[in-house]
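Q: Just passing along the structure, written as structure tokens.
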Amino acid sequence: MATVVLASPQKAAVRRTRDFPPTQWGDFFIRNVSLSENEKMIKEWKEEVEALKEEVRKILKEVVDNPSQQLHMIDAIQRLNLSYHFRGEIAQVLDHIYSTYHKSSHDDDLCSVALGFRLLRHNRYNVSTDVFQKFKDGEGKFRESLKSDVRGMLSLYEASYIGFHRESILDEALQFTKPYLKSIVNQLKPPLFDLVSHALRWPVHRAVPCQEALDYVLIYEKEGHIDCILRMGKLNFSILQKLWQEELYILTRWWIDLNLPSRLSFGRDRLIECFFWAIGSFPEPQHARARKYLTQIYAIFVYVDDTYDVHGTIDELEIFTKAFERADSSMGGELPHYMHIIVQSTLDLYDEIAQETTKEQSAHCVAGAKEAVAQLAKAYNDEAKWFNDGYVSKLDEYLLVGSISCAYPMGVTVSTCGLGEMATKQVFDWLLSMPKILHASSAACRIRDDTRTHEFEQKRGDVASTVECYMNEHGVSEQEAIDFLERKMTCLWKDMNEELLKPSTRDIPLPIVDNIINHARVLEVVYEKEAGLTFPKNVLNSVVMDLVVNPLDV
């Protein structure tokens with residue numbers, strides 16, 4: 001990191017600078033996407049998908065007396081991101097299984113019991129962990145004999161990730177299954193090797209849905225699959241991929257017209273990488289507008305983040321923050337030119353949202369977006385002041401600010417503007433109140449970011465992260481702090497799991513709740529090894545290539 005001293009008539013301003021890797025994308029999607037060819041292929045594939053849907057429905061009816069087969073079919077359908085085609089059928093099957101769930105307590109098939117538990121919880125049925133008691137021995141431990149059933153162990157492992165607080169049996173299940181699966185994975189043959197190795201990396205409950213669909217279609221093909229489900233999974237992914245390419249074609253044109261990268265050379269150009277949050281959070285085709293708004297606001301706010309972290313002086317940042325709070329052009333004359341560019345880009349996006357939503361919706365959509373952006377700017381400014389003053393907060397204080405400065409509450413709120421009739425005033429009021437599920441997702445984001453990047457960020461001179469805050473507060477080592485934060489992450493996921501089933505959350509449309517949880521899932525991919533948004537070449541760009549560019553063999 002270097003500093004640059006800028007002379008002015010009043011005083012010298014010291015700016016930090018960083019050398020961010022340039023984008024690898026540019027106008028890639030304009031040069032490589034043929035809209036007419038895409039539309040032709042989408043039309044052909046959709047016709048085949050409609051026929052396949054009837055075949056799948058027929059098979060679901062044929063196995064009505066076999067709950068285990070029904071569960072395995074639903075699991076495949078959901079992992080392949082086909083659920084939106086079969087909402088009614090899935091609900092009907094799960095309603096029936098739920099109504100008879102405790103009557104099947106005699107079932108000693110660990111795989112089916114754990115799968116049923118996971119699917120019911122995932123689909124917001126409040127089921128008890130008591131069904132796992134029968135798999136314990138006289139000493140209250142899981143029976144060692146269960147280890148002979150690898151699929152059962154894998155199913156129990158997957159179920160353990162959807163636990164609540166005080167459900168010690170699921171904590172025990174994870175401690176029982178994970179070390180064993182890790183110890184035997186390299187002795188397994190496909191497809192069991194593929195299933196176990198994939199689950200150890202990405203447990204299904206924490207997997208990004210669009211990425212899980214791609215990963216699982218390749219595994220399911222090796223399994224004893226149902227042909228029409230496999231074929232539909234491949235076609236559905238291919239249709240979505242073509243739609244996403246079209247969306248990126250349009251977004252790239254918008255980005256080139258906006259021209260932030262050449263006007264703001266100090267920041268990161270990450271439009272395409274931001275689109276991963278969009279498809280990760282909204283994998284279904286009907287949510288194109290939500291994907292657009294999320295990509296646009298995140299791409300702009302990467303520059304806002306870099307302004308607060310790197311380029312802006314503490315005095316400039318005060319004015320910058322006020323400009324976002326006012327959310328109009330009245331402060332244009334007070335802002336440095338580069339800040340005016342960013343603020344005006346944000347105001348233009350508000351106008352776009354107002355034009356594309358109904359008259360009834362536009363008022364609370366735009367008001368909600370403005371408030372969420374203002375909250376984010378204030379959090380950024382609080383952190384800039386901490387850095388400027390050399391202040392190291394306590395962990396809880398930092399998480400109150402950091403769960404906002406991670407930008408997730410803002411991104412979730414702005415993208416909700418693209419959800420049509422679901423974007424009600426009630427929903428925006430709920431989001432802006434920072435409900436527990438949103439705080440948990442956002443705090444998990446902040447912690448995962450920090451545990452993966454804090455060494456690099458401290459070397460370049462950033463505000464103290466959650467790691468440093470905990471070390472300073474408790475006088476512990478770096479590893480002890482990271483171990484505590486990993487346990488904290490587990491608790492935050494349990495918060496999310498519990499909130500999914502609470503009446504206050506059940507009143508909120510599911511795509512909005514899914515968006516919140518999917519944001520936490522996306523972050524695990526982006527920061528699996530390093531700061532993926534800052535250094536996308538190593539991981540994130542290859543993820544985007546697989547999801548949006550490289551075609552499946554259909």
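Numbering of the sequence shown is given in full-length UniProt numbering, commencing with residue 1 and proceeding in unit increments. Ideal Cβ placement from N, Cα and C applies to all residues, glycine included.
Can you tell me the Cα-Cα spacing of D546 and R31, whole angstroms?
A: Reading the sequence shown from its first residue, position 546 is the one you call residue 546. Reading the sequence shown from its first residue, position 31 is the one you call residue 31. Cα to Cα, the separation comes out at about 18 Å.
Q: Distance, Cα to Cα, T453 vs Y527?
A: The sequence position of residue 453 within the sequence shown is 453, counting from 1. The sequence position of residue 527 within the sequence shown is 527, counting from 1. So the alpha carbons of these two residues sit roughly 8 Å apart.
Q: Just to confirm before moving on: does the CB-CB distance between V467 and D483 stay below 8 Å?
A: Position 467 of the sequence shown, counting from 1, holds the residue named residue 467. Position 483 of the sequence shown, counting from 1, holds the residue named residue 483. The answer is no: Cβ separation not under 8 Å.
Q: Would you report the Cα separation of D495 and Y293, rounded to the nearest angstrom?
A: Residue numbering aside, residue 495 sits at position 495 when the sequence shown is read from its first letter. Residue numbering aside, residue 293 sits at position 293 when the sequence shown is read from its first letter. Their backbone Cα atoms lie some 27 Å apart in a straight line.
Q: Hey, N497 and G163 are a contact pair by Cβ (cut 8 Å); roughly how many whole angstroms apart?
A: Looking up residue 497 in the sequence shown gives position 497. Looking up residue 163 in the sequence shown gives position 163. Confirmed, Cβ separation roughly 7 Å.
Q: Along the chain, where does the alpha helix (DSSP H) that runs through Y157 open and close?
A: In the sequence shown, residue 157 corresponds to position 157, counting from 1. 150-159 is the span of the alpha helix (DSSP H), which, as asked, contains Y157.
Q: With a threshold of 6 Å on Cβ separation, who are the neighbours of A299 within its own chain once the five nearest residues in sequence on each side are excluded?
A: In the sequence shown, residue 299 corresponds to position 299, counting from 1. Only L271, C274 meet the Cβ criterion.
Q: I'd like to know whether the C-beta atoms of A372 and M339 end up nearer to each other than 8 Å.
A: Reading the sequence shown from its first residue, position 372 is the one you call residue 372. Reading the sequence shown from its first residue, position 339 is the one you call residue 339. Against a cut-off of 8 Å, the Cβ pair of M339 and A372 comes out as no contact.
Q: For F290, which residues of its own chain have a beta-carbon under 6 Å away from its beta-carbon, when the five flanking residues on both sides are left out?
A: Taking the sequence shown and counting its residues from 1, one reaches residue 290 at position 290. Sequence inspection shows Ala at residue 290; the Phe mentioned does not correspond to that position. Once the five neighbours on either side are set aside, the close Cβ partners of A290 are F282, S415, G418, L419.
Q: Please report the residue range of the alpha helix (DSSP H) in which R118 lies.
A: Here residue 118 corresponds to residue number 118 of the sequence shown, with the count starting at 1. Where R118 is concerned, the enclosing alpha helix (DSSP H) stretches over 110-122.
Q: Can you give me the start and stop residues for the alpha helix (DSSP H) that Q211 sits inside?
A: In the sequence shown, counting from the first residue as 1, residue 211 sits at position 211. Looking at the DSSP string, the run of the alpha helix (DSSP H) that includes Q211 is 209-220.
Q: Are there three or more Cβ pairs, one per stretch, closer than 8 Å when the region 27-44 is compared with the region 223-232?
A: no
Q: When the Cα atoms are used, what is the spatial distance from H519 to L110?
A: Within the sequence shown, numbered from 1, the residue matching residue 519 stands at position 519. Within the sequence shown, numbered from 1, the residue matching residue 110 stands at position 110. Spanning the two alpha carbons is a distance of roughly 31 Å.
Q: Please give me, in chain order, every unbroken run of the alpha helix (DSSP H) with length at least 4 that falls completely inside the region 47-85.
A: 67-79
Q: What whole-angstrom Cβ distance do A213 and F193 have, given they're in contact under 8 Å?
A: Start at 1 with the first residue of the sequence shown, and residue 213 comes out as number 213. Start at 1 with the first residue of the sequence shown, and residue 193 comes out as number 193. Contact flag wrong, Cβ pair sits at about 20 Å.
Q: Is it true that the CB of A76 sits closer than 8 Å to the CB of R118?
A: Taking the first residue of the sequence shown as position 1, residue 118 is located at position 118. Taking the first residue of the sequence shown as position 1, residue 76 is located at position 76. Contact: no.
Q: For the region 195-204 and the region 173-187, state whether three or more C-beta atom pairs, one from each stretch, are separated by less than 8 Å.
A: yes
Q: Hey, would you say G368 sits closer than 8 Å to L432, going by beta carbons?
A: Translated into positions along the sequence shown, residue 368 becomes position 368. Translated into positions along the sequence shown, residue 432 becomes position 432. Yes; because the gap between Cβ atoms is below 8 Å, this pair is in contact.
Q: I'd like to confirm the pairing. Which residues does DSSP put opposite K136 in its beta bridges?
A: Walking along the sequence shown from the start, residue 136 turns up at place 136. For K136, which the question treats as bridged, DSSP gives the partners F142.
Q: Under a three-way DSSP split, which group does T295 fall into?
A: Looking up residue 295 in the sequence shown gives position 295. Helix at T295.
Q: For Y101, count the other beta carbons within 10 Å of its own beta carbon; 16 or more makes it buried, fewer makes it exposed. Which is it?
A: Against the sequence shown, residue 101 aligns to sequence position 101. It is buried - the Cβ of Y101 has at least 16 other Cβ atoms within 10 Å.
Q: Can you list, in chain order, the residues of its chain whose CB lies under 7 Å from that of V554, leaving out five sequence neighbours each side?
A: For the purposes of this step, residue 554 is taken as the residue at position 554 of the sequence shown. Result list for V554: K234, L235, S238, in chain order.
Q: Along the alpha helix (DSSP H) that carries C365, what are the first and last residues, could you check?
A: In the sequence shown, residue 365 corresponds to position 365, counting from 1. Judged by DSSP secondary structure, C365 falls within the alpha helix (DSSP H) whose first and last residues are 359-389.
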